[in-house]
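Note sheet for the following structure.
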Ligand SMILES: C[S@@+](CC[C@H](N)C(=O)[O-])C[C@H]1O[C@@H](n2cnc3c(N)ncnc32)[C@H](O)[C@@H]1O
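Residue numbers (my numbering): 6 to 286.
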C-alpha cells in the first residue's frame, strides 16, 4: 500500500518490518530514507530468500538485517526501539503461486496452508487431529461459511485421494457445498479459513499488538495493514487501548483505504485497511 510511505514521513532511523514478504514496502522505505537501518522478519524462509536477492540487486543489502521469525515473538533485546514498525498482514502473492504452493485453488500440489512449510503438520495430518465440531468452528468463524456443519462432517471422512492436489480438493469442496451459480469459487473462503487457523493468524496478531507499541521510540509510528474485518477490529481495539493508558496517540481515527490509483495498479489491495499509532515525543 503506497500510503505507507506517506505515514513514514518521520525520517525513521531504525525501521522494523515484521512482514517482509516480497520486500516491496521494505525496499521502498529504505530506498526513500537512505540513512535508515532496518530489521526485516518473515516466518516464511522463501520470503527471506527472495527479499535478500532483491536487496542485493538494489544494492541495499547492507542496510537490512533479515530474520526468519514469527512476529508474535518480541525482539530479544528489550532495550531496542524503532522509529517505524510495519506489519502488512496476510500472505504474499508468491505464496499463492500454484507451482510452489498448495494454498492455491489451482495447484497440482497437495493442499498445504502453512506459510512456513517446514513447520508444524501438513494439511492431511492436521485434519486428522480435528473433530467435526472443531472443523465446523474454523469454517464458521474464519470462513463465515453458512454450510460449515455439512462440510465439517464430510471432511472427517474425506479420502486421501481427494487430498492429492489442492485443485482436486477445491473441486471436492465445490461438490459438497453444491452452491448454485456462485461467482467466486466456494473453496476460496474455505482455503482462507484453513490458512488462518493453521497459521494461528489472529493469535499471532494479538501477541504482536501486545509488544509492538513498547518498542517504539518517542515520535515513532506503528503501521498495521489488515485485510480481514476481525484483524482490523483487533488492531483498532489495541490502538485505542494503548492510547488511553499511555503516551500514545492514534493517528488514523478511521482506517486509511487504498486510493483509486492503488486499486487500479493492485486490485488485490481492495480490502486493505491501514491504521497508525504514534508514540508521543
Ligand atoms: C502481505 S505480505 C507482506 C508484503 C510486503 N509488505 C511487501 O511489500 O512485499 C505478508 C507476509 O507476512 C508474512 N507473515 C504472515 N504472518 C506472519 C507472522 N506471524 N510472522 C512473520 N511473518 C508473517 C507472510 O509470510 C508474508 O510473506
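Glycine residues also receive a C-beta, built at the ideal position from the N, C-alpha and C atoms.
For residue 48, the Cβ falls inside the 6 Å cut-off from some heavy atom of ligand 1. Looking at the DSSP output, residue 46 shares a beta bridge with 72. Residue 22 is bridged by DSSP to 45 and 91. Sequence-distant partners of residue 216 (beyond 5 residues in either direction) whose C-beta falls short of 7 Å from its own C-beta, in its chain, are 79. Residue range 137-148 is occupied by the alpha helix (DSSP H) that includes residue 146. Here residue 139 is exposed. Its C-beta has fewer than 16 other C-beta atoms within 10 Å. 43 is the residue among 85, 96, 91 and 43 whose C-alpha sits nearest the C-alpha of residue 71. Relative to ligand 1, the nearest heavy atom lies less than 6 Å away from the CB of residue 76. In this structure, the straight-line span from the alpha carbon of residue 262 to that of residue 241 is close to 14 Å.
In the DSSP assignment, residue 77 falls outside any beta strand (DSSP E) and carries neither an H nor an E. Set against 6 Å, the gap from the CB of residue 120 to the closest heavy atom of ligand 1 is smaller.
Per DSSP, the continuous beta strand (DSSP E) segment holding residue 280 begins and ends at 278-284. For residue 268, the CB contacts under 8 Å within the same chain, skipping 5 residues up- and downstream, are 274 and 275 in chain order. Residue 118 places its beta carbon 7 Å or farther from that of residue 198. Annotated as distal: residue 18 and residue 46, with beta-carbon spacing of 7 Å or more. The C-beta separation of residue 97 from residue 36 comes to about 19 Å, leaving the pair out of contact by the 8 Å criterion. Residue 219 has its alpha-carbon roughly 11 Å from the corresponding atom of residue 283. Judged by DSSP secondary structure, residue 29 falls within the alpha helix (DSSP H) whose first and last residues are 29-37.
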